[in-house]
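The numbers in full-length UniProt numbering rise by one with no breaks, and the one at position 449 of the sequence shown is 449. All C-beta atoms in this analysis are idealised placements derived from N, C-alpha and C, irrespective of residue type, glycine included. Owing to the predicted nature of the structure, the values given are computational and were not obtained by experimental measurement. To start, the structure under review is shown below, and the notes come after it.
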Amino acid sequence: MLSCRGFAPVEATPVASGCVGKVIQGGEVTQSGSYEELLTTGTAFEQLVNAHKNAATAMDPEINENTKNSSKGNIDRVEETKGHYLTKENSEGDTSVKGLSGVQLTEEEEKEIGNVGWKPIFDYIVIAKGLPILSLSILSHIGFLTLQAASSYWLAFAIQIPNISSGIFIGVYTIISTISAVFVYLRAYLTALLGLKPSKSFFSSFIDSIFTAPMLFFDSTPVGRILTRASSDLSTLDFDIPIAIAFVYASALEVLIIVIIMASVTWQVLIVAAFATVASSYVQVGILYSFCQGTDAAETSLGVGTIREFNMAERFFQNYLKLIDTDAKLFLYSNASLEWLNLRVEALQNLTLFTAAFLLIFLPKGGMAPGLVGLSLSYALVLTFALVFFTQWYSSLCNYIISVERIKQFMNIPPEPPAIVEDKRPPFSWPSEGKIELQDLKLHANARRSGFDEEGARVGVVGRTGSGKTTLISALFRLVEPESGKILIDALDICSIGLKDPRMKLSIIPQEPTLFKGSVRTNLDPSGLYSDDELWKALEKCQLKATISSLPNLLDSSGKYHSKSLSDEVRTGVQDREEFSGCTVITVAHRVPTVTDSDMVMVLSFGELVEYDEPSKLMETDSSFSKLVAEYWSSHRKN
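As structure tokens, this is what we get:
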């Protein structure tokens, strides 16, 4: 059984005059009286106070000079020197920060500068195997544009045919328009299909990659960044990108056909290709705007409890207002740049229209049919709209396609090891002894640890914040994979088996009690592996049986977190020496005296094992453990 925390210790703190203190051992009140009475009766309470006094004496030579004073005087001396202990702790904390200044837990989001090119668009199509659909969609649009041009040409040509009947004139035009409408329907259907297939492919790959990612990925990647990929970026893949692709190739083909029709009358209009050099420099504005849309709102909402606890709501609110202003400015500048681009393109195309009309005046009489001249001028009028439309949607596509690159970053996350390795499954009775050995274990923090060589022992793990306590427990469940070394449980290397085996065979009591939505049964046994009798026995051991029995639906009852008698201390109400007998219990203690009743104590500092011995022996020497105990009591008494 693995535990993240332990018992709330009996505090060796002088009580006020007239107050009554109680000594609890083994879940029973063994003694009651004033502070002085408890000290003079020679009980375990006196031993605890003396251990605290010895630890404090070992820390400060000045206290050693007063060892002949009374117990109360010693504790008062500890109270006076408390600032000294805190100063030492803070200075060590500063050293840890400086020593790890090059370590960055949260990875910065990648960004690149320059034109995105056609590669993301090609990846978007190839990953989903949508090239045939895109090809058919383009052919459908080509058919539509061809028939549209044919209908216009028919009108220009037919009016020059003498004695043509109205039935033939309208009939041919109706047939061409009907077939054109069929191609429009096919184009719309294929465009929708083009968006559906990539969306399914990207979503499946993204979800598979996220759910198989190792815990280190979630430690270094903000939740808001993941939510942005799963919401807005995937939504862009669903709707915006397929529509933008359809509009880009549709407008590009339309411009091409218009230019061909106009060039067949006046070839000089080919200078319209100059617009491309104008549009290219403005495409980057939309890309930069897309990147600047951060995830501060999502991250703030996740940590709102901490923000309010430290009374920093106003600071975050003001910072959020600044971010909104910055975002609004980028949005304004982006739209203004696009409007400026449209103005320049329209001016260029008006010049093209003027040039085409001017050249048509000098055509020799009879050199070109009047209908074709009118057709050329009518298409010249449409050219301006088509070019502006193409420029806007191409810029939007370059903006949207960034979502493809962002999602692809999360589609290739190195996965966790397999859940089950069939040829290396441990025996059904594993672990039977609970002997844990750490052989030159090196984790990602470049720390080496060895210890836990006793089976069935109660081992306490202590250390300052950032010393590696949580990382050590995470390694036992392979939430963090070792870089080198071995973790042996009953002589079996847990890194050689699948992830499911150690996570199913080992148990952990979290630091904070958590209730998930659902019934009591689903919270106790989410996989449905245990019978009702086993569930009731577990509740009885935790002294929750009476509370759950009073609920209307018993184990199938559901309720709010505060409606259950869940204890803040994970072992409160549980006689661990009785219930966990025969188990190796590892207790990561945030309150150092919690582990004073353990068989062995492991002290970590900066990821290194500095001490590993019985707590009584460590308290008798000038050890790091004894200093931690004294510092705890000093700060606790002041608070």
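Counted as a single uninterrupted DSSP element, the beta strand (DSSP E) harbouring Lys442 occupies residues Ile436 to Lys442. Annotated three-state conformation of Thr326 is helix, per DSSP. Look at the segment 576-633 and you find these whole runs of beta strand (DSSP E), each 3 residues long or longer: 585-588, 600-605 and 608-613.
Contact fails between the segment 587-596 and the segment 413-432, because fewer than three Cβ pairs, one in each stretch, are under 8 Å apart. Within the DSSP secondary-structure output, Ile489 pairs in a beta bridge with Ile436 and Leu492.
Contact between Asp208 and Val404 is ruled out by a C-beta separation of about 17 Å, above the 8 Å threshold. Below 8 Å, too few C-beta pairs join the segment 393-402 and the segment 430-444 to call them touching: fewer than three. Annotated three-state conformation of Ile508 is strand, per DSSP. Excluding its 5 nearest sequence neighbours in each direction, Glu483 has C-beta neighbours in its own chain below 6 Å: Lys442, listed in chain order.
Counting only the Cα atoms, Ile407 lies some 7 Å from Asp233. In this structure, the straight-line span from the alpha carbon of Lys500 to that of Ile494 is close to 10 Å. A distance of 7 Å or more separates the beta carbons of Ser135 and Arg187. A residue is called buried once 16 or more other Cβ atoms fall within 10 Å of its Cβ, and Leu387 is buried on that count.
If you ignore the 5 residues before and after Trp154, its C-beta comes within less than 7 Å of the C-beta of Val172, Tyr173 and Ile176, all in its own chain and listed in chain order. Under the three-state reduction of DSSP output, Ser531 falls in the coil class, being neither helix nor strand. DSSP places Ser484 within a strand segment (E or B) once states are collapsed to three. Annotation note: the segment 176-229 contains no uninterrupted beta strand (DSSP E) run of length 3 or greater. The C-beta of Ile361 has fewer than 16 other C-beta atoms within 10 Å across all chains shown, which makes the residue exposed.
Per the coordinates, the alpha-carbon of Thr465 lies some 15 Å from the alpha-carbon of Val610. Straight across, the Cα-Cα distance linking Leu618 with Thr522 is about 43 Å. Using a 10 angstroms sphere on the CB of Pro418, the tally of other CB atoms stays under 16, which defines it as exposed.
A residue is called buried once 16 or more other Cβ atoms fall within 10 Å of its Cβ, and Phe211, having fewer, is exposed.
Between the beta-carbon of Phe183 and that of Leu147 there is about 7 Å, and that keeps the pair under the 8 Å contact cut.
In the DSSP assignment, Val520 falls outside any beta strand (DSSP E) and lies within the alpha helix (DSSP H) extending over Val520 to Leu524. Taking the Cβ atoms as the reference, Met602 lies roughly 6 Å from Val459, within the contact range of under 8 Å.
Per DSSP, Val404 has no beta bridge partner at all. Taking C-beta atoms as the reference points, Leu506 and Leu524 fail to come closer than 7 Å.
Separation of Val480 and Ile307 (C-alpha to C-alpha, rounded to the nearest whole angstrom) is 29 Å. Contact check between the segment 583-592 and the segment 540-555: fewer than three CB pairs, one atom from each, fall below 8 Å, which does not count as touching.
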